[in-house]
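Student:
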Amino acid sequence: AQSVTQPDIHITVSEGASLELRCNYSYGATPYLFWYVQSPGQGLQLLLKYFSGDTLVQGIKGFEAEFKRSQSSFNLRKPSVHWSDAAEYFCAVGHFRDNYGQNFVFGPGTRLSVLP
Amino acid sequence: DTEVTQTPKHLVMGMTNKKSLKCEQHMGHRAMYWYKQKAKKPPELMFVYSYEKLSINESVPSRFSPECPNSSLLNLHLHALQPEDSALYLCASSQDESPATNKETQYFGPGTRLLVL
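Chains as they are written, first to last, in our numbering: chain A, 2 to 117; chain U, 171 to 287.
So, in structure tokens, the structure goes:
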């Protein structure tokens, strides 16, 4: 069965430090992977996505993610965190259900706190 | 423009009330979604509309009734809700290309924060 895990429930980093958020997936077919960010009380904003090709994808706000098929991972990185990056981060895999269309399988989320 | 709008932003209702949530997009997307999100949890899929037809209903109680009047609008009608239905309700849309695949990018609205008393 398809699933997405985000091993870290909560991460705290200092402003200016580097960041890596982990995402592992289990999916029987070609995975299409997404990272979304959600500020408190807000909707989800797409950071980046991976469909095919170069395994290192660039997103908005200085984020990047690397797809590693051998490790079933799609980790999100940022070289220097800003206080405004404090939010909840969700990894998701697109899942196609025959005759019903596509939906997402979301990971449980990682909450990022940033220290000044 | 990748904007999905939702109204109202906040809603407080009693258990006997009838209310509706509205969602609108003008990106020409043909798939629209309703999600329910509880605090500190990922969004849970409720309904999917594809080309204005209901394609997925995740066994949602009948007190939630979706409606897709046209390709740009999605409503969620609420009736006789319970306090445990209090949550953030998110709408999303995607292109819904043909042939269908699992690589649809979903764009989310800001959500409606619902409180049921």
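Note that beta-carbon positions come from the ideal geometry of N, C-alpha and C, so glycine has one too.
Hey, does A:N25 have any beta-carbon neighbour from chain U nearer than 9 Å?
Tutor: A:N25 does not count as touching chain U.
Student: Would you identify the three-state DSSP class for U:S283, choosing helix, strand or coil?
Tutor: Residue 283 of chain U is actually Arg in this sequence, not Ser. If DSSP states are grouped into helix, strand and coil, U:R283 belongs with the strands.
Student: With DSSP as the reference, please indicate the residues paired to A:T13 in a beta bridge.
Tutor: Looking at the DSSP assignment, A:T13 forms a beta bridge with A:S114.
Student: Between which two residues does the beta strand (DSSP E) containing A:W36 stretch?
Tutor: That run of the beta strand (DSSP E) goes L34 to Q39.
Student: Using CA atoms only, rank isn't needed, just tell me which of A:F91, A:A2, A:A30 and A:F105 is closest to A:H126.
Tutor: No information on residue 126 of chain A is available, as it lies outside the stretch 2 to 117 that chain A covers here.
Student: Would A:S81 and A:S27 be called neighbours here (beta carbons separated by less than 9 Å)?
Tutor: Result no, Cβ atoms of A:S81 and A:S27 do not sit closer than 9 Å.
Student: Within 10 Å of its beta-carbon, does U:M185 have 16 or more other beta-carbons around it, so buried, or fewer, so exposed?
Tutor: Label assigned to U:M185: exposed.
Student: Could you name the residues of chain A that U:T275 contacts, counting a contact when the two beta carbons are closer than 8 Å?
Tutor: Going along chain A in sequence order, the residues near U:T275 (Cβ under 8 Å) are F35, L47 and K50.
Student: Excluding the 5 residues flanking U:S263 on each side, which residues of the same chain have their C-beta closer than 6 Å to its C-beta?
Tutor: Cβ within range, chain order: V174, Q195, H199, M202 and Y277.
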